[in-house]
Amino acid sequence: ALLTKVPRGLALLVVLSIFAAAVSTLNSIILTLSSMFGRDLVRALTPLSEEKELVWGKLLIPVLTLACYAFASLKLGLIAVLSSMASAGLMAQLPVILGAFFWKRGTAAGAILGMASGAVLTGALYMTKTNFLGQWPPVWGLLTSVSVFVAVSLMTRPNPSGADFIDTVESEVKRTFWPARES
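Residue numbers are given in the numbering used here: position 60 of the sequence shown equals residue 77, and the series is strictly consecutive.
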């Protein structure tokens with residue numbers, strides 16, 4: 018019914034724009050995952066030169082592309098659920114990201130456990146269709162992430178270079194956004 022009210026050229030432009038955005042997003046995700054695979058996984062297992070990391074990453078690109086195609090071919094109708102869960106998973110990372118830049122007491126153990134616990138709880142609440150106190154699952158994931166990040170960070174020793182990093186970030190922010198004015 019909508020196509021009878023919109024010119025075909027405009028409808029085609031909208032459809033092509035949506036398709037281009039989807040392909041661009043998928044391309045970015047595949048490139049990021051292949052880089053992470055080469056740099057974080059392969060390098061952790063065996064020391065490699067940057068050229069060999071790049072080769073591993075390039076080899077993974079068609080594998081990931083085929084996996085995405087196979088998953089999409091299943092037509093499970095999960096796009097809305099996966100999109101919502103991805104946003105919720107990112108929400109569980111927010112306290113850790115902010116803590117990395119603004120809290121000198123934050124630790125790697127607190128960050129990892131905070132993100133993981135928030136994301137796992139959010140995923141579990143989505144899968145079981147549970148809304149505690151009528152709240153959206155990411156709210157509980159965020160609260161869990163903050164609580165675990167703070168608690169574990171307070172129980173573990175921070176890396177001294179973390180405080181140096183935060184001092185550098187603070188000085189750069191002040192220099193960039195609040196430069197000293199000459200009189």
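Ideal placement from N, C-alpha and C gives every residue a C-beta, glycine not left out.
Could you tell me which of the options sits nearest to residue i, measuring between CA atoms?
i: residue 178; options: 69, 120, 141 and 89; result: 120
i: residue 42; options: 85, 60 and 195; result: 85
i: residue 77; options: 96, 55, 91 and 38; result: 55
i: residue 173; options: 126, 67 and 61; result: 126
i: residue 118; options: 101, 61, 21 and 187; result: 187
i: residue 164; options: 111, 100 and 26; result: 111
Just to confirm before moving on: does the CB-CB distance between residue i and residue j stay below 7 Å?
i: residue 113; j: residue 128; result: yes
i: residue 155; j: residue 122; result: no
i: residue 35; j: residue 81; result: no
i: residue 116; j: residue 162; result: no
i: residue 45; j: residue 74; result: no
Can you have a look at residue i and say buried or exposed, based on whether 16 or more other CB atoms are within 10 angstroms of its CB?
i: residue 136; result: buried
i: residue 105; result: buried
i: residue 185; result: exposed
i: residue 166; result: buried
i: residue 195; result: exposed
i: residue 169; result: buried
i: residue 142; result: buried
i: residue 144; result: exposed
i: residue 124; result: buried
i: residue 6; result: The requested residue 6 does not occur in the structure, where the chain is confined to residues 18 to 200.
Throw me the rounded Cβ distance for the residue i and residue j pair, which I believe falls under 8 Å.
i: residue 147; j: residue 109; result: Residue 147 to residue 109, Cβ: 16 Å. No contact.
i: residue 68; j: residue 59; result: Not confirmed; about 12 Å, so no contact.
Can residue i be considered in contact with the ligand FAD, in the sense that its beta carbon sits closer than 6 Å to one or more heavy atoms?
i: residue 68; result: Absent from the structure shown: the ligand FAD. Ligands present: none.
Please give the ranges of any beta strand (DSSP E) in the stretch 80-163, keeping only runs that are unbroken, at least 3 residues long and fully inside the region. none
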